[in-house]
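Numbering (my numbering), first residue to last: 167 to 529. Where a beta carbon is used, it is the ideal one built from N, C-alpha and C, also for glycine. Here the structure is a predicted model, which means the values were calculated and not measured. Below is one structure; the comments refer to it alone.
Okay, structure coming up:
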């Protein structure tokens with residue numbers, strides 16, 4: 167009888183442990199499916215846009231923010247040409263911020279004037295818009311240190327460093343490295359706001375800011391952070407990259423991207439900065455946050471060995487769309503609106519449209 171009692175205790179203990187393990191597995195599976203809430207936003211876009219509300223009104227009004235290259239960037243007349251010419255650009259248009267990007271309240275962000283002068287304006291813009299996004303989320307910026315907060319920044323441009331290199335090496339001081347390194351774009355936010363969660367600057371070309379969102383979603387679901395600041399920033403400060411894109415035949419002469427149109431002839435470059443404040447949906451609901459949008463799924467992949475390094479791959483795009491749909495736990499029929507990459511090129515547009523049609527059907 168004693169032996170039987172021991173067996174019964176062992177079985178009972180084992181069943182209890184199995185129930186605990188099953189509960190833990192269910193919890194982990196639920197985490198990986200958990201939707202993410204957008205609880206705050208901030209932005210600076212062409213057309214003098216300085217808030218999400220202004221951006222929405224601008225879109226509803228159907229306004230056009232494309233202008234000629236400002237003299238503060240470069241003298242377009244020295245680089246513009248209609249015919250393909252080495253060292254020249256086939257357009258003198260783009261989407262540029264109207265604000266004076268040299269203006270910055272360094273004291274407010276506890277930065278010396280000397281260091282601020284050596285900083286890439288993209289870093290200064292990130293500080294300003296992140297503060298605005300936190301205010302939009304009703305989160306006191308000075309209280310973030312009590313929480314585990316991650317920072318994820320999509321950034322590619324090194325125009326400021328190129329401008330300094332082309333001007334004078336005498337301008338390179340002790341602040342130049344941290345002022346211009348892409349890694350420091352995210353690091354400076356974590357430093358200023360005293361954040362100790364994940365901190366990443368992500369350069370994935372056109373996909374940089376969306377990949378930053380993807381990484382933030384994964385970090386929140388894995389409980390690496392309880393709040394995520396996600397940003398994308400780009401400033402066009404000199405003609406170097408624009409020359410490269412023009413020489414590659416990627417830019418539209420009128421600076422406008424006519425996606426999926428017979429007249430499509432390239433895309434237009436643009437500046438801006440956008441910041442999102444993210445939480446898990448359950449946490450946002452528990453805190454009573456204002457929920458602006460819900461992110462249910464995301465995915466990232468690469469073309470692999472496509473026809474060329476910059477040539478898009480239809481099969482890869484189809485697989486990416488299917489992965490994102492699966493991650494969101496929805497079906498293609500549930501999707502009512504698609505925002506495409508839309509390069510406005512004779513190569514990229516048909517590939518993307520065919521991928522969309524293949525996954526979502528010709529509706």
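Helix, strand or coil for residue i? Go by DSSP, reduced to three states.
i: residue 202; result: strand
i: residue 244; result: helix
i: residue 367; result: strand
i: residue 373; result: helix
i: residue 274; result: coil
i: residue 174; result: helix
i: residue 226; result: helix
i: residue 299; result: helix
i: residue 521; result: helix
i: residue 528; result: coil
i: residue 167; result: With a pLDDT of only 47 at residue 167, under 50, the local geometry of the prediction cannot be trusted, and the value read off the model is given with reservation. Coil at residue 167, not helix or strand.
i: residue 182; result: helix
i: residue 207; result: strand
i: residue 438; result: strand
i: residue 254; result: coil
By Cβ distance, which residues of its chain are closer than 6 Å to residue i, with the 5 residues on each side in sequence left out?
i: residue 342; result: 284
i: residue 250; result: none
i: residue 379; result: 396
i: residue 514; result: 478
i: residue 340; result: none
Would residue i and residue j qualify as a contact pair, given that the criterion is a beta-carbon distance under 7 Å?
i: residue 486; j: residue 473; result: no
i: residue 517; j: residue 470; result: no
i: residue 393; j: residue 313; result: yes
i: residue 409; j: residue 255; result: yes
i: residue 303; j: residue 206; result: yes
i: residue 366; j: residue 296; result: no
With a CB to CB cut of under 7 Å and the five nearest residues on each side skipped, what residues in its chain are close to residue i?
i: residue 484; result: 521, 524 and 525
i: residue 390; result: 316, 363 and 364
i: residue 519; result: 426
i: residue 328; result: 404 and 406
So residue i packs on residue j, CB below 8 Å; how close in whole Å?
i: residue 268; j: residue 412; result: Incorrect: roughly 26 Å between the Cβ atoms, too far for contact.
i: residue 201; j: residue 460; result: 5 Å
i: residue 239; j: residue 262; result: 7 Å
i: residue 265; j: residue 399; result: Contact flag wrong, Cβ pair sits at about 14 Å.
i: residue 382; j: residue 316; result: 6 Å
i: residue 158; j: residue 386; result: Here the chain comprises residues numbered 167 to 529, so residue 158 is not present and cannot be evaluated.
Suppose the cutoff is 8 Å on Cβ atoms and the five residues either side in sequence are ignored; what does the same chain contact list for residue i look like?
i: residue 174; result: none
i: residue 176; result: none
i: residue 278; result: 272
i: residue 204; result: 442, 443, 444, 457, 458, 459, 460 and 461
i: residue 167; result: Caution applies to residue 167, whose pLDDT of 47 falls short of 50 and renders its modelled position unreliable; the value that the coordinates give is listed next. Result list for residue 167: empty, nothing under 8 Å.
Could you check if residue i belongs to the surroundings of the ligand FAD, using beta carbon to heavy atom distance under 6 Å?
i: residue 440; result: The model depicted lacks the ligand FAD and carries no ligand whatsoever.
*asked:* Could you tell me which whole beta strand (DSSP E) segments of length 3 or greater appear in the region 326–411?
replied: 365–368 and 393–400
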